[in-house]
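Worksheet: one structure, shown below.
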Amino acid sequence: MTRILLVEDNELNRDMLSRRLLRAGFEVTFAHDGQEAVDGVPKDAPDLVLMDLGLPDFDGWEATRRIRAAGWTGPVIALTAHAMSGERERALEAGCDDFDTKPVDINRLLEKIRALLPGA
């Protein structure tokens, strides 16, 4: 089963998105902030990370940089409610493979996940 690390500090967003991912057949693990995300990648061994960019302690851009610096090469999809000009480019520069906005359109997000994880 494909494992997704969902990095999200908002409990309602985490609950809603995880239920939809579970229904789509994915296993979901969680991180609530940037440090938990960095610690969770080697611990949980996800196939893909969904990274909220607006996190407490250090943000999703920094968490992605640290995950990449540690050598993890799996796909990361950035999620943000602040789809300002340049956010997508900034996320890609930090090491994300794709970018999506909140509120999440689950069908669009599932397409992106499946594009990055063929066979998922």
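Numbering (this note's numbering), first residue to last: 16 to 135.
All C-beta atoms, glycine included, are put in the ideal place defined by N, C-alpha and C.
Bear in mind the structure is a predicted one, so any value in this text is a computation, not a measurement.
Beyond the five residues adjoining it in sequence on each side, Arg83 comes within less than 6 angstroms, by CB distance, of Gly110 in the same chain, given in chain order. Scanning Leu21, Leu131, Phe114 and Val56 for the CA closest to the CA of Leu65 turns up Leu21.
Within the same chain, Cβ atoms closer than 6 angstroms to the Cβ of Phe41 are found at Thr17 and Ile19, the five residues on either side in sequence being excluded. In the three-state scheme derived from DSSP, where H, G and I count as helix and E and B as strand, Asp54 is classed as helix.
Below 8 angstroms, too few C-beta pairs join the stretch 122-132 and the stretch 95-107 to call them touching: fewer than three.
As computed with DSSP, Met66 is found in a beta bridge with Val22 and Ala93. Excluding sequence positions up to five before and after Gln50, its CB lies within less than 6 angstroms of the CB of Asp72, all in the same chain and listed in chain order.
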